[in-house]
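Participant: The structure that follows is given in the form of structure tokens.
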Amino acid sequence: MQSYYVWTVGCQMNRADSERLESALGQLGLSRGQSARDADVIVLNSCVVRESAEDRVVGMLTHLKPVKQRAPDKVLALMGCMVAPRKDTLAERFPYVDVFMQPQQYDPLIELLGERLGVDPEGCVGPLSATPDVATYIPIIHGCDKFCSFCIIPYRRGREVSRTIEDVANEATHLARRGVKEVTLLGQNVDSYGHDLEGSVHLGSLLAAVNDVEGLERVRFLTSHPNDMSDDIIGAVADLDKVCEHINLPFQAGDDQILADMRRGYTNAEYRDKIARIRERIPGVSLATDLIVGFCGESERQFERTAELVRDIRFDKVHAAAYSTRPGTIAARLMEDDVPADEKKRRLGIIEEIQQSVATRINARLLGTTQQVLVEGRRKGRWFGRNRNDKLVFFDHEADLEGKLADIEIQRTGPWSLQGALAESAR
Ligand code: SF4
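Here it is, written out as structure tokens:
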């Protein structure tokens with residue numbers, strides 16, 4: 005039997021795309037291989053959101069060149085955001101790559117393999133994996149219409165297109181029947197779900213439909229935009245029992261001029277108001293955010309406003325990145341990447357230090373409490389899962405608890421994870 009290996013970098017949307025592709029490859033009769041070097045079909049699912057991600061993809065392509073040259077029968081495919089809609093120089097730079105596929109466009113590879121293996125590829129790309137994880141992803145809206153000045157996504161994933169509620173609910177039902185307990189509804193801007201559909205459909209109505217799916221225990225969604233996070237969505241999180249109290253709301257920068265230059269469409273004060281509304285309506289909600297340091301023209305004082313917001317809001321999790329110019333974006337065309345690399349690194353270090361201390365204190369409050377954890381599997385010999393607030397929890401137990409909801413008494417806390425043991429009452 006032939007084998008495949010899918011290597012993925014980037015966001016959860018890329019991970020979801022890879023899962024779908026793996027499912028299709030499985031339906032073509034291929035088995036999952038252990039490494040790129042040994043597999044007959046190698047797929048690199050790429051990301052170009054940051055320069056560092058793109059560098060990793062180029063590194064992997066370079067590493068695989070001699071592998072492919074020694075075994076020309078292997079199929080090497082490059083997929084994801086590195087592949088532009090228009091013809092570019094990729095095929096000239098990497099002539100040993102057999103197939104180039106834009107995000108979610110699996111057909112060229114599936115057709116090629118269908119021909120080689122003599123299998124009809126019709127219907128192979130479906131949502132169903134034979135053995136889906138306990139917690140998995142469902143893309144619900146593709147693309148993004150926002151065109152933030154630093155971001156390449158709208159150029160690579162196109163304009164927003166929502167799947168219907170029925171389509172998403174059917175997929176969630178199939179997944180639940182196969183043992184999935186938690187789904188995360190995905191979109192680059194998930195809060196704008198439904199605006200392109202008939203009727204007054206929004207993310208709140210979709211959450212209500214998925215909340216009704218029998219067998220599912222939890223529902224999450226990623227990633228939000230402050231301008232599209234409506235009261236309807238906040239209300240759905242507050243009222244629906246399976247929708248977890250966790251929201252990832254990127255603010256990107258704390259200074260109003262930088263926010264305007266980024267074309268984010270809100271101010272520092274408006275962002276703070278939104279957070280206040282969320283906290284008022286959803287008691288106990290946990291919050292995550294994404295931010296960028298060292299955007300074009302960012303002065304020390306402007307950076308301080310970002311640091312201040314991180315201190316004031318007290319997020320549970322912060323994903324901070326140093327700005328890097330992405331060719332083709334508005335910022336690349338009109339602005340100068342003028343903050344030196346050392347200074348970006350220093351600013352990143354400050355944010356990380358603040359966040360480590362904030363997260364240490366937030367998590368310390370959980371010491372001695374009992375948390376309901378959905379057990380996702382084993383890592384380094386221990387069971388792991390997350391509580392409703394998306395906190396990673398590790399514990400030891402002899403029985404197989406994968407896919408179960410376990411009450412875990414928290415015995416140790418740190419900034420990035422919690423550790424505990426099965427609560428007495430649950431033994
Ligand atoms: S909302 Fe902005 S940052 Fe997010 S994907 Fe769209 S353009 Fe990029």
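Under the working numbering, read the sequence shown as residues 5 to 431, first letter to last. Using N, Cα and C, we set each Cβ at its ideal position, and we do this for glycine too.
1. Let me know the secondary structure DSSP gives N49 once reduced to three states.
2. Using 7 Å as the cut-off, classify the Cβ of H229 as near or not near the heavy atoms of the ligand SF4, replying yes or no.
3. I'd like to confirm something about P107: is its beta-carbon nearer than 7 Å to some heavy atom of the ligand SF4, or not?
4. What does a CB cutoff of less than 7 Å around G298 pick up in its chain, not counting 5 residues either side in sequence?
5. Identify every run of the alpha helix (DSSP H) within the region 25 to 75, keeping only runs that are complete inside it and at least 4 residues long; order them along the chain.
6. Looking at the secondary structure, which residues open and close the alpha helix (DSSP H) in which K349 lies?
7. Below 8 Å, can you find three or more Cβ-Cβ pairs linking the region 287 to 297 to the region 332 to 339?
8. Contact between the region 78 to 89 and the region 110 to 120 is defined here as three or more beta-carbon pairs at a separation below 8 Å; is this criterion met?
9. What are the boundary residues of the alpha helix (DSSP H) that includes A212?
10. Going straight from the alpha carbon of E380 to that of T310, what length do you get?
11. Quick check: the Cα distance between N49 and E428, rounded to an integer number of angstroms?
12. Quick one: residues in its chain with C-beta nearer than 7 Å to the C-beta of D404, no 5 flanking neighbours on either side, listed in chain order?
13. Using only alpha-carbon positions, find the residue among S22, N391, S56, Y8 that is nearest to G33.
14. Determine the DSSP secondary structure at D245, reduced to helix, strand or coil.
15. Examine the Cβ distances between the region 143 to 157 and the region 179 to 197 and report whether three or more of them are shorter than 8 Å.
16. Report yes if the CB atom of G407 is closer than 8 Å to the CB atom of V138, and no otherwise.
17. Could you pull the DSSP bridge partners for M105 from this structure?
18. For M5, count the other beta carbons within 10 Å of its own beta carbon; 16 or more makes it buried, fewer makes it exposed. Which is it?
Facilitator: With the given structure in hand:
1. strand
2. At least one heavy atom of the ligand SF4 lies closer than 7 Å to the C-beta of H229.
3. Remark: the shortest separation between the CB of P107 and any heavy atom of the ligand SF4 does not fall under 7 Å.
4. Taking G298 as the centre and dropping the five residues before and after it, the same chain places the C-beta of A326, Y327, V343, E347, K348, R351 closer than 7 Å to its C-beta, in chain order.
5. Uninterrupted alpha helix (DSSP H) stretches at least 4 residues long and entirely within the region 25 to 75 occur at 55 to 74, given in chain order.
6. 345 to 368
7. no
8. yes
9. That run of the alpha helix (DSSP H) goes 207 to 215.
10. 34 Å
11. 44 Å
12. none
13. Y8
14. coil
15. Because the criterion of three Cβ pairs below 8 Å is met, the region 143 to 157 and the region 179 to 197 touch.
16. Taking 8 Å as the Cβ cut-off, G407 and V138 qualify as a contacting pair.
17. M83
18. Flag for M5 reads exposed.
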